[in-house]
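In the working numbering, the protein residues as written are 4 to 190.
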């Protein structure tokens, strides 16, 4: 079970203009705590088939293109946010250190970079830290950011909490079951 996600978000200064409206930048952080070994978390997150929609509510994927070794793998993620609008984000893996870290480039409705770091907290507990440094590209989001920026960051935090909880449930439901016949200790 998750011990709770802590998410932080910072609305940063306006970016150069995109048409008539300035783009808005965000640094969005999430700290997931998952009740599973690091290797299992990595296997699910780095799954070449990108099966995240199985466990992450309101997420769909398309154009999944895996590459051996992860670097260069790409996919488009389609999120339905708690506020009802959809976000389309293309991801390309730029760097990967298996079971440790992945850096991705984002394009589409959000442009920028994501940094995902995995850390074993215990044999059966993993921390997954996620930092997004992105700018919005949709004109309506940029135009309303001065009023709705905090709402957008709260929406992001909710989407990420759903991901954390979904991953934790998925890993618990698919955990290997110990075989009592293999218990040679006599207990």
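Each residue gets a CB set at the ideal place from its N, CA and C atoms; glycine is no exception.
Is the separation between the beta-carbon of residue i and that of residue j shorter than 8 Å?
| i | j | result |
| --- | --- | --- |
| residue 95 | residue 117 | no |
| residue 41 | residue 100 | no |
| residue 52 | residue 174 | no |
| residue 61 | residue 83 | yes |
| residue 64 | residue 80 | yes |
In the DSSP assignment, the beta strand (DSSP E) including residue i goes from what residue to what residue?
| i | result |
| --- | --- |
| residue 152 | That residue, residue 152, is in no beta strand (DSSP E); its alpha helix (DSSP H) goes 142-176. |
| residue 45 | Segment 41-48 is the alpha helix (DSSP H) holding residue 45; no beta strand (DSSP E) there. |
| residue 93 | 89-100 |
| residue 110 | 104-111 |
| residue 64 | 62-68 |
| residue 81 | 77-83 |
Using 10 angstroms around the beta-carbon of residue i, count the other beta-carbons present and answer buried if the total reaches 16, otherwise exposed.
| i | result |
| --- | --- |
| residue 87 | exposed |
| residue 98 | exposed |
| residue 70 | exposed |
| residue 135 | buried |
| residue 122 | exposed |
In angstroms, rounded to a whole number, what distance separates the CA positions of residue i and residue j?
| i | j | result |
| --- | --- | --- |
| residue 163 | residue 37 | 13 Å |
| residue 16 | residue 147 | Low per-residue confidence applies at residue 16: pLDDT is 47, beneath 50, and the placement is therefore not dependable, though the value from the model is reported in the following sentence. Looking at the two C-alpha atoms, the distance is approximately 14 Å. |
| residue 137 | residue 111 | 11 Å |
| residue 26 | residue 142 | 8 Å |
| residue 156 | residue 166 | 15 Å |
| residue 31 | residue 89 | 18 Å |
| residue 56 | residue 169 | 9 Å |
| residue 105 | residue 114 | 17 Å |
| residue 179 | residue 127 | 12 Å |
| residue 140 | residue 29 | 12 Å |
| residue 44 | residue 129 | 8 Å |
Going by DSSP, what residue range makes up the alpha helix (DSSP H) through residue i?
| i | result |
| --- | --- |
| residue 135 | Counting along the chain, residue 135 falls outside any alpha helix (DSSP H), though it belongs to the beta strand (DSSP E) covering 128-139. |
| residue 57 | 55-58 |
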